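J.: Structure provided below as structure tokens; questions to follow.
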Amino acid sequence: MQKETLMSVVPHRLSPLRKQSPEVFHRSWPRSVPSNDGTLIQHARVGLLVTIALMAVTGCGNHDGSGSQQGQSPNVKIAQPLSQEVTEWDEYTGRIEAVNSVDVRARVSGYLEKVNFKAGDKVHKGDLLFLVDPKPFTAQLNFAEAELERAKSRHELAKNDLARAERLFLAKAISEEEHDARSKGLRETVAAVQSAQANVYTARLNLDFTQVRSPIDGRIGRELITAGNLVNGGGGDATLLTFIVSTDPVYVYVDADERSALKYRRQAQKGGRGSLGDERTPVELAVADEVNFPHQGHLDYESPREDAATGTVTLRGVFANPDELLSPGFFARMRVRGSAPYPAVLLPDRAIGTDQAQRFIWVVNQENQVEYRKVELGAHIGQSRVITEGLKPEEWAVIEGIQKLKPGAKVNPERISLTGRDGEK
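Numbering (the working numbering) for the sequence shown: 1 to 425.
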């Protein structure tokens with residue numbers, strides 16, 4: 001009986017010794033045999049009971065913790081949608097351009113004598129900007145005027161000769177041929193006077209062109225050539241001196257896609273307009289550091305044809321710029337009114353979830369249970385979206401805490417009110 005007990009309990013302790021020699025195994029066997037087989041069985045039973053107890057305690061602890069977490073209702077903030085009249089806007093990126101932009105070039109050749117402005121100055125039409133040395137042109141004018149006086153004198157002489165020839169011809173003192181020659185001479189002097197007058201006019205123009213004046217009101221750039229340099233006037237190689245751009249108002253050009261262009265045209269037709277440029281269709285503008293669209297303007301031009309390469313139509317907005325904040329060349333965001341005002345319900349973007357391609361919200365009922373609700377979205381209005389389908393104005397939607405929710409779960413709601421800021425443009 002004792003041997004059977006040892007064989008059933010001790011093998012795990014003896015297994016490491018199986019590779020030893022029989023002699024070693026024989027010597028170690030007596031030390032592995034307990035003096036009392038009942039004690040060994042009792043130890044095994046105690047170990048088994050301790051293991052079972054620990055497993056039970058661990059299992060109970062996990063169950064209690066899970067039950068505690070499941071028993072807590074998540075805290076959420078809920079609100080009724082903001083109901084207000086909205087207008088849809090379509091946003092585009094474009095570039096600001098000056099209504100008038102002029103490259104100032106020399107119109108006569110000569111040495112630049114004076115620069116009469118500071119870079120960046122505000123200039124007005126007619127202001128003196130540059131002065132080309134006028135002395136050679138003054139001399140040319142004097143010469144032309146002298147030639148004119150000579151032509152006039154010859155004309156007077158030819159006129160008197162013809163008068164005498166007519167009297168003599170009537171008295172048959174000269175031939176008809178001689179009379180015709182004097183008549184021709186008079187006509188030639190008339191042409192000579194006219195030519196001299198034209199030369200005087202040209203010389204006077206060239207003298208005037210030595211004073212380079214501003215052709216428009218606007219803001220002037222830096223001087224591209226300094227005093228003392230030789231400038232070329234006239235044709236395509238005329239020296240560029242500076243440039244001027246008008247600053248108030250300004251244009252903004254954008255390209256609208258075909259679908260949007262059709263929408264705007266239908267709106268124009270409904271309003272009795274032939275095109276977008278026939279009436280002041282409202283537009284708004286923002287530059288790089290502006291969040292909202294503080295600049296108000298209107299469309300004044302729509303391209304009469306579509307660009308076949310891009311499939312777009314060019315639109316132009318006009319904006320007042322009295323403080324000259326909008327500089328030509330700046331990138332800007334312009335939005336065009338895409339609809340007439342209409343009543344709508346809005347929710348902040350943060351209250352709207354995405355489930356694959358579907359948009360949804362969480363609606364809280366009177367029992368504080370959440371309902372998964374699919375919604376159809378309309379236009380962006382500031383930081384909010386128009387809800388076109390799926391939410392009524394009197395219902396309560398979860399605004400914050402949507403990540404914690406499951407359909408049918410109870411929540412601990414905190415009611416808040418949405419303000420105009422949540423639906424601002």
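All C-beta atoms in this analysis are idealised placements derived from N, C-alpha and C, irrespective of residue type, glycine included. Since the model is a prediction, treat every value here as computed from it, not as a measurement.
(1) Leaving out the 5 sequence neighbours to the left and right, which residues in its chain are closer than 6 Å to Phe243 when beta-carbon positions are compared?
(2) Can you give me the start and stop residues for the alpha helix (DSSP H) that Phe209 sits inside?
(3) Helix or strand or just coil, what does DSSP make of Gln383?
(4) In three-state DSSP terms, what is Pro136?
(5) Compare the beta carbon distance of Val318 and Thr226 with 8 Å and say whether it is the shorter of the two.
(6) Tell me, please, which residues DSSP counts as bridged to Leu299.
(7) Among His124, Glu302, Asn229 and Val193, which residue has its Cα nearest to the Cα of Glu113?
(8) Distance check for Phe360 and Gln366, CA to CA, integer angstroms please.
(9) State the Cα-Cα distance for the pair Asp64 and Lys374, rounded to the nearest angstrom.
(10) Reducing DSSP to helix, strand and coil, say where Phe143 ends up.
(11) What are the start and end residues of the beta strand (DSSP E) that includes Glu395?
(12) Count Cβ pairs between the stretch 160-170 and the stretch 139-152 that sit closer than 8 Å; are there 3 or more?
(13) Roughly how many angstroms lie between the CA atoms of Pro393 and Gln84, to the nearest whole one?
(14) Give the DSSP-derived three-state secondary structure of Lys270 in the structure shown.
(15) In whole angstroms, give me the CA-to-CA distance for Ile399 and Ile387.
(16) What is the C-beta distance between Val430 and Met334, in whole angstroms, given that I count them as a contact (C-beta under 8 Å)?
(17) How many whole angstroms separate the CB atoms of Asn368 and Asn75, which I take to be in contact at a CB cut-off of 8 Å?
(18) From Glu145 to Val231, what distance separates their C-alpha atoms?
(19) Measuring alpha carbon to alpha carbon, tell me which residue in Lys125, Ser417 and Pro136 is nearest Asp217.
T.: Once the coordinates are examined:
(1) In the sequence shown, residue 243 corresponds to position 243, counting from 1. The residues are Asp103 and Gly221.
(2) Numbered from 1 along the sequence shown, position 209 holds the residue referred to as residue 209. Counted as a single uninterrupted DSSP element, the alpha helix (DSSP H) harbouring Phe209 occupies residues Glu176 to Phe209.
(3) Here residue 383 refers to the residue found at position 383 when the sequence shown is read from its first residue. When secondary structure is reduced to three states using DSSP, Gln383 falls in the coil class, being assigned neither helix nor strand.
(4) To locate residue 136, count along the sequence shown from 1; it is residue 136. DSSP, reduced to helix, strand and coil, places Pro136 within a helical segment of the structure shown.
(5) Along the sequence shown, read from residue 1 onward, the residue named residue 318 stands at position 318. Along the sequence shown, read from residue 1 onward, the residue named residue 226 stands at position 226. Taking 8 Å as the cut-off, the beta carbon of Val318 is found no closer than this to the beta carbon of Thr226.
(6) Taking the sequence shown and counting its residues from 1, one reaches residue 299 at position 299. Assignment of beta-bridge partners to Leu299 by DSSP yields Gly317.
(7) By one-based count along the sequence shown, residue 113 stands at place 113. Each of His124, Glu302, Asn229 and Val193 was checked against the Cα of Glu113, and the nearest Cα belongs to Asn229.
(8) Within the sequence shown, residue 366 is the residue found at index 366, counting from 1. Within the sequence shown, residue 360 is the residue found at index 360, counting from 1. Between Gln366 and Phe360, the C-alpha separation is close to 20 Å.
(9) Locating residue 64 in the sequence shown gives position 64, where the first residue counts as 1. Locating residue 374 in the sequence shown gives position 374, where the first residue counts as 1. With a pLDDT of 40 at Asp64, under the threshold of 50, the modelled position of this residue cannot be trusted; read the value that follows with caution. In this model, Asp64 and Lys374 are separated by some 36 Å (Cα to Cα).
(10) Stepping through the sequence shown from its first residue, residue 143 is reached at position 143. Looking at Phe143 - three-state DSSP - the assignment turns out to be helix.
(11) What you label residue 395 is simply residue 395 of the sequence shown in a count that begins at 1. Where Glu395 is concerned, there is no enclosing beta strand (DSSP E), because DSSP gives it neither an H nor an E.
(12) In this structure the stretch 160-170 does not touch the stretch 139-152; the number of beta carbon pairs closer than 8 Å is below three.
(13) For the purposes of this step, residue 393 is taken as the residue at position 393 of the sequence shown. For the purposes of this step, residue 84 is taken as the residue at position 84 of the sequence shown. Cα-Cα distance, rounded: 10 Å.
(14) Numbered from its first residue, the sequence shown carries residue 270 at position 270. Under the three-state reduction of DSSP output, Lys270 falls in the helix class.
(15) As a working mapping, residue 399 is identified with position 399 in the sequence shown. As a working mapping, residue 387 is identified with position 387 in the sequence shown. Our two residues, Ile399 and Ile387, have alpha carbons roughly 14 Å apart in a direct line.
(16) This structure cannot settle anything about residue 430, because the visible part of the chain is limited to 1 through 425.
(17) Counted from its first residue, the sequence shown places residue 368 at position 368. Counted from its first residue, the sequence shown places residue 75 at position 75. Contact doesn't hold; Cβ gap of about 11 Å is too wide.
(18) Numbered from its first residue, the sequence shown carries residue 145 at position 145. Numbered from its first residue, the sequence shown carries residue 231 at position 231. Here the alpha carbons of Val231 and Glu145 stand approximately 26 Å from one another.
(19) Sequence index remark: in the sequence shown, residue 217 carries index 217 (1-based). It is Lys125 whose Cα lies nearest to the Cα of Asp217.
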